[in-house]
Amino acid sequence: MTQITHAHEAAGTRLQGKRCLITAAGAGIGREAALACAREGATVLATDIDARALAELEAQSGSIRTLALDVTDPNAIDDLVRSQSGFDVLFNCAGYVHQGSILDCDEAAWRRSFDINVHSMYRLCRAVLPGMIERGRGSIINMSSVASSIKGVPNRFVYGVTKAAVIGLTKSIAADFVAQGVRCNAICPGTVRTPSLAQRVAALGGDEEAVWRSFTERQPMGRLGDPKEIAALVVYLASEESSFTTGQTHIIDGGWSN
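Using the numbering used here, read the sequence shown as starting at 6 and increasing by one per residue.
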């Protein structure tokens with residue numbers, strides 16, 4: 006097994022003075038991104054529907070404030086953004102994974118997938134963009150996936166469709182606002198060992214160890230991704246180090262899509 010090392014574990018200043026809004030920050034990639042941004046000097050507003058997870062997160066860092074938020078509620082999104090003085094970084098991390106082919110995806114599953122994976126990003130981007138444009142700076146980071154227009158993955162039909170839409174949304178925003186100081190990029194992970202993946206594995210029933218083994222065996226690196234590895238990419242895209250980067254799909258999948 007390859008040993009994973011993570012740069013910038015100690016406190017840094019790469020995001021000093023930046024205000025970051027992060028969704029789905031209660032666990033997994035969102036949680037690690039909130040902690041990583043805070044370590045790099047950012048003031049973070051971490052949101053999630055899980056108030057208990059947010060309380061635990063806030064207790065870990067004095068630079069993280071939390072707020073319960075349902076990203077499918079447009080009024081709640083508008084209220085949040087109106088109540089703040091503006092954000093320099095938006096990380097749209099909230100998402101939902103439906104399992105199955107088109108024949109398993111009924112109208113309700115289709116609507117839910119789009120509402121969480123696409124409509125929420127549309128609403129949040131639309132809400133924060135005016136402030137970013139006014140200040141002449143901003144970085145929007147949208148969570149997509151290699152299961153999208155990049156790669157077809159069995160039994161991820163509507164998930165792949167929505168994540169392809171996220172790539173289109175990202176590129177369109179990047180093109181429209183590049184001259185106004187706002188960047189927009191997408192992160193496209195492969196299989197990452199997160200609590201939500203563990204829940205989906207458990208929900209399948211049967212031999213969980215065999216399921217985990219099948220995930221690992223399809224990875225050229227012989228292991229799954231770590232949420233901290235994705236968080237490191239979030240920090241990079243939020244920072245001035247990536248100031249010449251916009252409209253890109255950043256694949257981080259251990260070579261799975263090669």
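Ideal Cβ positions, reconstructed from N, Cα and C, are used throughout, including at glycine.
Counting every other CB atom within 10 Å of its CB across the protein chains shown gives residue 147 a total of 16 or more, marking it as buried. Take residue 206, set aside five residues on each side of it, and the residues of its chain with a beta-carbon closer than 7 angstroms to its own are 213, 216 and 217, in chain order. A straight line joining the alpha-carbon of residue 31 with that of residue 95 spans about 16 angstroms. If you look at residue 52, you'll find it isn't in any alpha helix (DSSP H); it sits in the beta strand (DSSP E) that goes 48-53. Spanning the alpha carbons of residue 136 and residue 92 requires a straight line of approximately 7 angstroms. According to the DSSP assignment, residue 34 belongs to the alpha helix (DSSP H) that extends over 33-44. Taking 8 angstroms as the cut-off, the Cβ atoms of residue 157 and residue 185 do not count as close. Going by C-alpha positions, residue 165 is about 4 angstroms away from residue 153.
With at least 16 other beta carbons inside 10 angstroms of its own, residue 51 counts as buried. Sorting 63, 168, 260 and 58 by C-alpha distance to the C-alpha of residue 225 places 260 at the top. Distances from the CA of residue 110 to each of 195, 176 and 162 were compared; the closest alpha carbon is that of 162. In the three-state scheme derived from DSSP, where H, G and I count as helix and E and B as strand, residue 71 is classed as strand. With contacts defined as CB atoms closer than 8 angstroms, residue 22 and residue 201 fail to qualify as a contacting pair.
Contact check for residue 191 against residue 175 passes: the beta carbons are separated by less than 8 angstroms.
Around the beta-carbon of residue 219, fewer than 16 other beta-carbon atoms lie within 10 Å, marking it exposed. Looking at the backbone, the Cα of residue 159 and that of residue 170 are separated by about 18 angstroms. The closest CA to that of residue 198, considering only 37, 26, 28 and 16, is found on 37.
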